[in-house]
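Here's the structure we're looking at; comments come further down.
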Amino acid sequence: MPANVVVIGSLNMDLVTRAPRLPTGGETLIGHSFTTVSGGKGANQAVAAARLGAQVAMVGCVGSDDYGVQLRDALLAEQIDCQAVSVVEGSSGVALIVVDDNSQNAIVIVAGANAAMTPAVIDRFDAMLQDADVVICQLEIPDATVGHALKRARALGKTVILNPAPASRPLPADWFAAIDYLIPNESEAAALSGLPVDSLQTAEKAASHLLAMGASKVIVTLGAEGSLFANGKGFEHFPAPKVKAVDTTAAGDTFVGGFAAALAAGSSEAEAIRYGQIAAALSVTRAGAQPSIPCLSDVQGFKPA
Ligand code: RIB
Numbered sequence: 001m002p003a004n005v006v007v008i009g010s011l012n013m014d015l016v017t018r019a020p021r022l023p024t025g026g027e028t029l030i031g032h033s034f035t036t037v038s039g040g041k042g043a044n045q046a047v048a049a050a051r052l053g054a055q056v057a058m059v060g061c062v063g064s065d066d067y068g069v070q071l072r073d074a075l076l077a078e079q080i081d082c083q084a085v086s087v088v089e090g091s092s093g094v095a096l097i098v099v100d101d102n103s104q105n106a107i108v109i110v111a112g113a114n115a116a117m118t119p120a121v122i123d124r125f126d127a128m129l130q131d132a133d134v135v136i137c138q139l140e141i142p143d144a145t146v147g148h149a150l151k152r153a154r155a156l157g158k159t160v161i162l163n164p165a166p167a168s169r170p171l172p173a174d175w176f177a178a179i180d181y182l183i184p185n186e187s188e189a190a191a192l193s194g195l196p197v198d199s200l201q202t203a204e205k206a207a208s209h210l211l212a213m214g215a216s217k218v219i220v221t222l223g224a225e226g227s228l229f230a231n232g233k234g235f236e237h238f239p240a241p242k243v244k245a246v247d248t249t250a251a252g253d254t255f256v257g258g259f260a261a262a263l264a265a266g267s268s269e270a271e272a273i274r275y276g277q278i279a280a281a282l283s284v285t286r287a288g289a290q291p292s293i294p295c296l297s298d299v300q301g302f303k304p305a
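If you read the sequence shown in UniProt numbering, its first letter stands for residue 1, the second for the next number, and so on.
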């Protein structure tokens, strides 16, 4: 069956240390544990969309190392179409992650094979985009490729989602017309807008700024505070379900994947946001990136506290 959600983005092996707190510059800390877990924002979003009900295809690159095999196998185990996950000579992408006792994390990524995602790769798998209903991109592959993918998906009339993560600067102005849903978290909304974001009110200001820059719809994810939807007509705040957080890694990815799966299944925007939020809330109650992502029955069986 053709994929109705196509994810274009990164695959990383996550090297995860749990520690009492995040280290400061020059400091050595004694950690509690170490694990390797399949991750990468693109792959996490693909897994989330697949577990949450979509037919998914992934477009990405892994290295010729053991991590590459494991990253691809992890997607195949979710019935994700990996015909467009190419193996390139060299190392796979990796993410060095520290999670502290308050479930906060700090992440450093090294692109590895993700840097081999050129615009030509998007052209090679154009048939996949043609079959899709929803196309999702993030920012862990080269900007030129993201821009090319967004514009091609727009030209094909697809629903286009950009999760601008990680973000350290404003987006190219000519991307906005190609995006239906721009989904930053607080720090990404701040980086894209140049405005501080630390509350619902400041998130509204940043979202207004992004709308003025050309975004058509913005969803700012606010962690435990829920999410803020903004379009040209106004704002709507969606409070988050209350849960006890263990590890917030991939919560944003789970939201994006769940939101996309729900849209592809015909849900309204509001339903899709609530669905993504329940999935993300469940993900923070479990450790790791892909292992933490819930499936359809988990979300359907969710009872708010
Ligand atoms: O969003 C979480 C992801 O960010 C991790 O899986 C890590 O690979 C980094 O890309």
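We put the CB at the ideal spot given by N, CA and C, even for glycine. Quick caveat: nothing in here was measured; it's all calculated off a predicted structure.
Roughly how many angstroms separate the alpha carbons of residue i and residue j, rounded to a whole number?
i: residue 103; j: residue 34; result: 15 Å
i: residue 105; j: residue 222; result: 15 Å
i: residue 283; j: residue 292; result: 5 Å
i: residue 157; j: residue 151; result: 10 Å
i: residue 113; j: residue 217; result: 32 Å
i: residue 117; j: residue 207; result: 30 Å
i: residue 119; j: residue 303; result: 44 Å
i: residue 219; j: residue 181; result: 7 Å
i: residue 126; j: residue 76; result: 21 Å
i: residue 264; j: residue 59; result: 18 Å
i: residue 325; j: residue 213; result: Past the edges of the chain, shown from 1 to 305, lies residue 325, and the structure says nothing about it.
i: residue 241; j: residue 247; result: 16 Å
i: residue 167; j: residue 140; result: 9 Å
i: residue 49; j: residue 194; result: 31 Å
i: residue 174; j: residue 10; result: 22 Å
Out of the options, which one is the CA nearest neighbour of residue i?
i: residue 54; options: 287, 272, 304, 282; result: 272
i: residue 30; options: 304, 18, 90, 92; result: 18
i: residue 179; options: 126, 137, 10, 209; result: 137
i: residue 224; options: 252, 236, 209; result: 252
i: residue 135; options: 210, 45, 195; result: 45
i: residue 3; options: 10, 261, 276, 294; result: 261
i: residue 61; options: 52, 78, 93; result: 93
i: residue 84; options: 211, 26, 281, 123; result: 123
i: residue 301; options: 287, 289, 275; result: 275
How would you label residue i, buried or exposed, when you count the other beta carbons within 10 angstroms and need 16 or more for buried?
i: residue 186; result: buried
i: residue 199; result: exposed
i: residue 277; result: buried
i: residue 169; result: exposed
i: residue 148; result: buried
i: residue 230; result: buried
**Study point:** Entirely enclosed alpha helix (DSSP H) segments - the region 8 to 87, minimum 4 residues
**Key:** 41 to 51, 66 to 76
Review point. Does the pairing of the region 38 to 53 with the region 68 to 83 give three or more beta-carbon distances under 8 Å?
Key: yes
Check your understanding: Is the number of C-beta pairs between the region 134 to 150 and the region 79 to 91 that are closer than 8 Å three or more?
Key -> no
Point to revise | Runs of beta strand (DSSP E) lying entirely within the region 157 to 207, each at least 3 residues, in chain order | key: 159 to 162
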